[in-house]
Ligand SMILES: [Zn+2]
């Protein structure tokens with residue numbers, strides 16, 4: 001729970017936020033695949049001679065009050081599903097699969113109670129088909145987005161079925177860390193969703209507050225490459241056209257992330273596909 005610790009310093013009372021009640025939260029990264037595009041395709045001004053290591057993770061969050069998956073990564077039928085994509089998009093987003101989230105969960109002997117999706121691009125929701133009984137929590141505008149034919153080459157019918165157990169929710173008009181809308185998942189400030197429209201209309205990010213030193217922010221695909229945050233750079237223009245629904249809004253999101261980093265340099269901002277950032281997140285969660 002976010003509380004304020006009062007410290008008396010030479011007659012001045014200062015308050016520091018603490019999240020010391022959340023040590024029981026466990027976070028596990030389930031890697032479901034990798035990709036190695038040229039860096040230049042991931043970020044404006046990137047190198048066309050260097051590859052950029054990417055991953056396709058699902059995040060398992062275990063809280064004393066319940067568990068959930070944040071995204072699913074690539075599922076068992078990913079290679080078949082992507083046949084629905086235009087050939088050029090399939091070529092641009094080639095991936096190598098690893099063990100699926102559903103199999104890794106089986107090995108861990110964990111049944112996910114719910115899935116919350118950062119957004120509906122195939123590399124985040126492909127595994128929904130492997131867990132058809134688990135409710136999928138999504139913003140209404142993101143669910144609408146799945147129904148618009150041709151809205152994005154990364155969203156296509158084979159990802160979903162009539163039986164996908166969608167469960168829409170609304171974010172509250174409650175400001176959180178500079179974001180105007182938020183949802184405190186378990187009501188204790190440990191896991192907070194915020195609206196991050198731009199990459200898709202109903203993209204959300206997830207704050208994970210375990211302790212003052214163990215805080216992270218999963219930002220989905222707002223950026224693919226952490227470098228984008230250091231330099232305030234968008235994706236490569238063609239990737240922007242292909243992947244971002246509203247690139248002006250994405251630029252706003254990048255500015256917000258830069259301001260957040262300035263305010264909380266110790267907060268680890270994690271773009272879903274940046275292998276280095278996700279590895280740093282794994283290390284942070286082990287502390
Ligand atoms: Zn995406």
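In the working numbering, the protein residues as written are 1 to 287. All residues carry an ideal CB built from backbone N, CA and C; glycine is no exception. On a predicted model such as this, the values are computed, not experimentally measured, just so you know.
Residue i versus residue j: straight-line alpha-carbon distance, rounded
i	j	result
residue 228	residue 42	9 Å
residue 267	residue 255	16 Å
residue 281	residue 262	19 Å
residue 70	residue 221	13 Å
residue 168	residue 53	33 Å
residue 88	residue 230	30 Å
residue 320	residue 35	An answer regarding residue 320 cannot be provided, because it is not within the stretch 1 to 287 covered by the chain.
residue 72	residue 258	27 Å
residue 250	residue 223	8 Å
residue 287	residue 144	39 Å
residue 59	residue 205	12 Å
Of the residues the options, the one placed nearest residue i, counting alpha carbons only
i	options	result
residue 112	264, 131 and 231	131
residue 203	193, 210 and 211	193
residue 102	115, 92, 249 and 96	115
residue 80	235, 149, 68 and 122	122
With 16 other Cβ atoms within 10 Å as the buried cut-off, status of residue i
i	result
residue 94	exposed
residue 269	buried
residue 200	buried
residue 198	buried
residue 4	With a pLDDT of 45 at residue 4, under the threshold of 50, the modelled position of this residue cannot be trusted, and the question is left open.
residue 10	Interpretation of residue 10 is limited by its pLDDT of 48, a score under 50 that renders its predicted location unreliable; the figure taken from the coordinates is listed afterwards. When all chains shown are included, residue 10 counts as exposed.
Endpoints, the beta strand (DSSP E) within which residue i is located
i	result
residue 194	191-195
residue 149	No beta strand (DSSP E) contains residue 149, which DSSP labels as neither H nor E.
residue 173	Per DSSP, residue 173 belongs to no beta strand (DSSP E) and is neither H nor E.
residue 269	268-270
residue 184	182-184
Enclosing alpha helix (DSSP H) for residue i [first to last residue]
i	result
residue 87	87-92
residue 204	Segment 204-211 is the beta strand (DSSP E) holding residue 204; no alpha helix (DSSP H) there.
residue 221	Careful: residue 221 lies outside any alpha helix (DSSP H) and carries neither H nor E.
residue 240	237-243
Those runs of the alpha helix (DSSP H) which lie wholly inside the segment 33-82 and span at least 4 residues: Whole alpha helix (DSSP H) segments, 4+ residues: 78-81.
Could you pull out every unbroken beta strand (DSSP E) segment of at least 3 residues lying fully inside the segment 95-165, listed in chain order? Segments of the beta strand (DSSP E) lying fully in the segment 95-165: 136-138.
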